[in-house]
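Just so we're on the same page, the working numbering is the position in the sequence shown counted from 1, plus 181.
Virtual Cβ for every residue (Gly too), placed ideally from N, Cα, C.
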Amino acid sequence: MARQGTAYFGVRAEEPNYTIAMRALAEGNSLRGTGRIVEIDKDTVCDWLDRAGRHCRAVTTYLFDTLHITECQVDELWSFVRKKEAHLTTAEKVLALYGDAWVWIAFAPAWRLVAAFVVGKRDQEHANVLRKRLHAVSCGYMPFFTSDQLPH
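What follows is the structure, encoded as structure tokens:
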């Protein structure tokens, strides 16, 4: 069976095992738990997940290049990486790898589609990145934007 151009390309495993692993991960199973289900090492599961993610990105990039988005809901969600901003050490603040993180989302409600997203700070710079990413997947039509009125 030809695997070139598919998520299975380069995977040295039987397709059913790979498919079961990807389904288990999509359902929220851990890397270790998925490894136990298909009887492989967690590092192999991690490699498979990375490979599947790169393939999904390629497919999405190919398909999302001329979306005609007429309405776009923009919002941001707060979370944190490793620990909250208030609990960071000085060194962690300098590295800027951990702490508060905002997920900016551009949602096309007509299709129930997240057309673009950005993970970063709650500032104008990241709002601009979201706008550029949305523009990159759209046909150039300026959609009607709605938001919670954050100035950015």
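Close-in-space but distant-in-sequence residues of the same chain around residue i (CB under 8 Å, 5 per side omitted)
{"i": "glycine 280", "result": "Phe261, Val262, Arg263, Lys264, Lys265, Glu266, Leu269, Glu273, Lys274"}
{"i": "glycine 301", "result": "Ala282, Trp283, Trp285, His307, Val310"}
{"i": "glutamine 330", "result": "none"}
Range of the contiguous alpha helix (DSSP H) that encloses residue i
{"i": "threonine 271", "result": "271–276"}
{"i": "threonine 187", "result": "Run containing threonine 187: none; DSSP gives neither H nor E here."}
{"i": "proline 197", "result": "196–207"}
{"i": "valine 219", "result": "212–219"}
Element boundaries [beta strand (DSSP E), containing residue i]
{"i": "glycine 280", "result": "280–289"}
{"i": "alanine 297", "result": "294–301"}
{"i": "aspartate 256", "result": "252–262"}
Beta-carbon separation (whole angstroms), residue i vs residue j, contact threshold 8 Å
{"i": "glutamate 233", "j": "alanine 188", "result": "In the sequence as presented, glutamate is not what sits at residue 233; that position holds alanine. Rounded, the Cβ-Cβ distance is 5 Å, consistent with contact."}
{"i": "valine 219", "j": "alanine 207", "result": "Not really, about 14 Å apart at Cβ, beyond 8 Å."}
{"i": "glutamate 257", "j": "arginine 312", "result": "In fact, because the Cβ distance is near 13 Å, the residues do not count as touching under 8 Å."}
Beta-bridge pairing of residue i - partner residues as DSSP gives them
{"i": "serine 319", "result": "Leu248"}
{"i": "phenylalanine 326", "result": "Cys253"}
Close Cβ partners of residue i (< 7 Å) along its chain, the five nearest in sequence each way excluded
{"i": "proline 290", "result": "Glu252, Gln254"}
Cβ shell of residue i (< 6 Å), same chain only, five flanking positions each side left out
{"i": "arginine 184", "result": "Phe190"}
{"i": "threonine 215", "result": "Ala202, Ala205, Leu206, Val226"}
Can we say the segment 238–255 touches the segment 310–323, given the rule of at least three CB pairs closer than 8 Å? Touching, yes.
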